[in-house]
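Below: one structure, written as structure tokens.
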Amino acid sequence: MPTMPRRAVLAGTAALLAGPRALHAQAIKPKVTVISQWSSGSDGAAITALGKRFESEGGIWEHNPVPGFTTDMMNKLRAQIIAGDPPAASQLKGPEIAVWSKIAPVVDLDPLVQAAGYEAVVPAELVSLSKPYGHWIALPIQAYRINTLFVSRKAADRVGMTKLPATWTEFNAVAEKMKAAGIIPLANGGLKWDDGMKWEIALCGISPDAYRKAIMQLDDAALKGPESLEAFRQLRKFADWSDPGAAGQHYSTFLPRYMKGELGMLLMGGWAQGVFKHAGFQLSDYMVGPAPQDDGKIAFDLNSDEFIFWQKKEKQFQEGQALLAKIVMAKDFGPMYCQITGAIPVRTDTNMADPGFSDGQREAAGAMTEAKASNRIVLSLAHNMAQPNQITAAMLDVLTEYVHNSSTSPEEGQKRLAMAVDNVR
Amino acid sequence: MTGRERWSRILPHLVIWPPILVSCAYALVFSAWTIWVSFTRSTLLPDYRWSGFRNYTSMLATRNWQIASTNLLIYGTCFVVLTMVMGLLLAVLIDQCVRAENLFRAVFLYPMAVSFVVTGTVWGWLLNPSIGIQKLVHDLGWAGFRFDWVIDRNKAIYCVVIAGVWQASGFAMALFLAGLRSVEADLLKAAQIDGAGAWRLYRRVVFPSMGPIFIAVMVMLLQFAIKTYDLVVALTGGGPGLATTVPTIVVYDFMFQRGELGRGSAAAVMLLASLAVVLVPYALYRRWRARREAAHA
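One line per chain: the protein sequences are V and F, in this order.
Numbering of the first sequence is given in my numbering, commencing with residue 971 and proceeding in unit increments.
Numbering of the second sequence is given in my numbering, commencing with residue 4 and proceeding in unit increments.
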């Protein structure tokens, strides 16, 4: 057997081992590891598109979605932070940004934000959520309006409805007409956040000021006040008008029947547009507009997602974070991302006349600008924007129990809500 | 060869001790840590500042825990009793020298092989009034038939019982069958010669001699019941509102979803205490029995 000279073998192995490292030292591609809850559907498609954009700018994109609701993603994030290996960027939202930024070091984005002149074009509520302690630590990606009403066109035709109800009284009248015609008036699901969302839409429609005091400031008098009681009464009506089999179901299970006209109206956030589009439904299948507002003026219940950047020592990740920040703050990010998800771009200077946006999105973006001017933007409760998780979960428990227990009176429900808030305050 | 002798003496220790030590460390150390955290002010991350019994009192005051412990009582009792009755019935029937006994045993034991998540999901579809049994019976013609327990907040827990009993009956049946077969044949023959009918035979001879097996099955089923999590989550997701929430769900919810480690740990410790209430008397009973048998022998 011919033997290779030992020296040659040693030299060859050494070169083999050194080779990759030598190549590595020459080209540090910006890399980013991202975790989010967007694993499928229109959200998954949008973040995949962001990944492709990142890679086209020369970066390495690694996205590990955690399917489920936001809390599942936050669990994984916490596990990674405790293990000392946080992702370069993760989805986070609302007051959780302030709370979580205390448990692990985050990147100070002030220089990048100032260079892009970003702060001037973002609504004030989002700025204050992204700068909880005076420095930019998160970047908003998209905004949604929660208090949106979708009406199945087939159901509307059956009851002769041509325009959306403007107040809760009109809404209730239309719902009664639908019920008489054999249509189930409300197509919402029966999950915890859905039940909480219906109550907050009712309260926002009754009085955004009461909403601000009760939900965002947890003012006891407002929680026990007449507007809150009225919202509970409206919530009882919603519960009676829902499909009896709705308990525990996601609203998307009712979509086929909703589009066929067996269910009439859906009170959901703007992302439902993205869900409808992804499921193959056209704009002509439904009507969309703001949920009823009793005083006739626009109010905007805000939900938004943000990316928070965790400090990493490796240069690769730091470059990746800078690149991701640049992409997210750019003017063309809004159209690219939001046309897939159905959201509203964060930058108020985005050209909404772009044909990729639907009329519903344009209307919602216009509503956000108008509400911003009249200071009637409120933060969503059920979607973890107004309060941290502990308080939100306690309130949602009371609301979901109220919806599924028809023997609880609105007064009792209101009392329980105030008690639950006191317990966790 | 002393080397080999020494090695063959050390080897069993090497094989047995590391796993035992690791398992003990896993069980004891983490339990101790959880008990410690339940007395601290931990929320999102562990925070080792003492907070006394505040977590326990606040957990006991939440509706989640109150509903969960009531559900555990209802579910535990119904599940154990019904499973034992079903299991015993199936075992007695199979014991009647049926022809395809192996086949029947396999068929009834099969549900145990299905995961709780699958059981919960499929039973959730079956029990849903719009797509399951109620709809089937409506389509067959009985328009007035109602079986919508799963959306009724007072009856939803019984749906969980149904799914749980379906899954665990086979397991109880297998154990009872072994117990039935282990009765001494002489005893049976003597009773038959004395003229005892089948029912008398079972009641007076077979079941009493199976006493220890009843207790063992009851203990195993009780701890199945206490550990139930995935079945409830898959079947009702915690029920209409909070109606079918169980202590394990409350622990998971508070610890991981709400970032309230302290209160979640307190709930976990209370769950461990309820398990101890079941297992400690059983351990004492076994010691008492062993002592009694030693005294008799």
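Here a beta-carbon is modelled for each residue, glycine too, at the ideal position from N, C-alpha and C.
Nothing here was measured: the structure is a model prediction, and the numbers come from that model.
Within chain F, the residues that residue i reaches when beta carbons sit closer than 9 Å
i         : result
His1374/V : Ile154, Arg156, Gly242, Pro243, Gly244, Leu245 and Ala246
Gly1413/V : This structure gives no information on residue 1413/V, because the portion of chain V shown stretches from 971 to 1395.
Ala1363/V : Asp256, Phe257, Gln260, Arg261 and Glu263
Glu1371/V : Arg66, Ile70, Arg156, Pro243, Gly244, Leu245 and Ala246
Integer Cβ distance of residue i from residue j, believed to fall under 8 Å
i         : j         : result
Gly1330/V : Pro1305/V : Between Pro1305/V and Gly1330/V the Cβ distance is about 15 Å, and since that is not below 8 Å, they are no contact.
Ile134/F  : Trp128/F  : 6 Å
Phe268/F  : Thr46/F   : Inspection of the sequence shows that residue 268/F is occupied by Ser rather than by Phe. Between Thr46/F and Ser268/F the Cβ distance is about 11 Å, and since that is not below 8 Å, they are no contact.
Gln1007/V : Ile1314/V : Not quite, the Cβ-Cβ distance comes to about 19 Å (not below 8 Å), so this is no contact.
Gln1286/V : Lys1001/V : 4 Å
Ile1153/V : Asp1213/V : Not quite, the Cβ-Cβ distance comes to about 11 Å (not below 8 Å), so this is no contact.
Val253/F  : Ala71/F   : 5 Å
Ala1216/V : Gly1160/V : 4 Å
Arg171/F  : Met115/F  : This sequence places Ala at residue 171/F; Arg is not what is there. At roughly 7 Å, the Cβ-Cβ gap stays under 8 Å, so Ala171/F and Met115/F are in contact.
Partner residues on chain V for residue i, Cβ-Cβ distance less than 9 Å
i       : result
Ala64/F : Asn1393
Leu48/F : Arg1048, Ile1051, Ile1052 and Ile1073
Ser61/F : Asn1393 and Val1394
Whole-angstrom distance between residue j and residue i, CA atom to CA atom
i         : j         : result
Trp1241/V : Tyr1114/V : 7 Å
Thr367/F  : Ala159/F  : Look at the range of chain F in this structure, 4 to 300, and you will see that residue 367/F is not part of it.
His1353/V : Lys1183/V : 18 Å
Gln1084/V : Gln1263/V : 38 Å
Asp1302/V : Thr1003/V : 22 Å
Trp20/F   : Ile1005/V : 40 Å
Pro243/F  : Ser61/F   : 24 Å
Arg7/F    : Ile23/F   : 25 Å
Gln1061/V : Asp1275/V : 7 Å
Ala995/V  : Asp1164/V : Because the pLDDT at Ala995/V is just 48, under 50, the model does not fix this residue reliably, and the point stays unresolved.
Pro1260/V : Ser1177/V : 15 Å
His1033/V : Ala1019/V : 12 Å
His1105/V : Val1092/V : 15 Å
Val1348/V : Gln260/F  : 24 Å
Leu106/F  : Leu139/F  : 29 Å
Gly1234/V : Met1257/V : 11 Å
Ala1058/V : Glu1066/V : 17 Å
Thr124/F  : Ala293/F  : 44 Å
Leu63/F   : Val1368/V : 16 Å
Thr1137/V : Cys1174/V : 12 Å
Ala298/F  : Arg290/F  : 12 Å
Val235/F  : Asn1321/V : 48 Å
Leu274/F  : Arg1203/V : 37 Å
Met1355/V : Met1167/V : 12 Å
Ser1344/V : Ser1350/V : 18 Å
Which residues DSSP lists as bridging residue i, in chain order
i         : result
Leu216/F  : Note on residue identity: the sequence assigns Ile, not Leu, to residue 216/F. Ile216/F is not bridged to any residue.
Val1258/V : Phe1120/V
Gly1160/V : Ala1217/V
Asn1393/V : In the DSSP output, where bridge partners are listed per residue, Asn1393/V has none listed.
Ser1060/V : Ile1005/V and Ile1278/V
Met1238/V : Thr1118/V
Ala1113/V : Ser1274/V and Ile1314/V
Val922/V  : No answer is possible for residue 922/V: the residues shown for chain V start at 971 and end at 1395.
Val1348/V : Asp1271/V
Ile1154/V : Leu1233/V
Ile938/V  : Outside the displayed range of chain V (971 to 1395) lies residue 938/V, so it cannot be described from this structure.
Beta-carbon neighbours of residue i, restricted to chain V and to distances below 7 Å
i        : result
Thr239/F : Gly1218
Asn67/F  : Asp1367
Per-residue contacts from residue i into chain F (C-beta, under 8 Å)
i         : result
Gln1357/V : Simply none; closest approach about 12 Å.
Ala1360/V : A small correction: the amino acid at residue 1360/V is Gln; Ala does not occupy that position in the sequence shown. Within chain F, the residues near Gln1360/V are Thr46, Arg261, Gly262 and Glu263.
Contacts of residue i in chain V (Cβ-Cβ under 8 Å)
i        : result
Asn105/F : Chain V residues near Asn105/F: none, gap ~39 Å exceeds 8 Å.
Contact set between residue i and chain F, taken where Cβ atoms lie within less than 7 Å
i         : result
Val1298/V : Result: empty, since nearest Cβ-Cβ is about 26 Å, beyond 7 Å.
Val1069/V : Leu47
Asn1045/V : Phe259
Using a Cβ-Cβ cut-off of less than 7 Å, list which residues of the region 1376-1394 of chain V approach chain F; keep chain order.
Asn1393
According to a CB-to-CB cut-off of less than 8 Å, which residues of the region 252-274 of chain F neighbour chain V?
Asp256, Phe259, Gln260, Arg261, Gly262 and Glu263
Select from the region 1310-1341 of chain V all residues with a C-beta closer than 9 Å to any C-beta belonging to chain F, and list them in chain order.
none
Looking at chain F, which residues of the region 1020-1047 of chain V have a Cβ within less than 7 Å of any of its Cβ atoms?
Thr1041 and Asn1045
So if I threshold CB-CB distances at 8 Å, which residues from the region 1127-1144 of chain V count as touching chain F?
none
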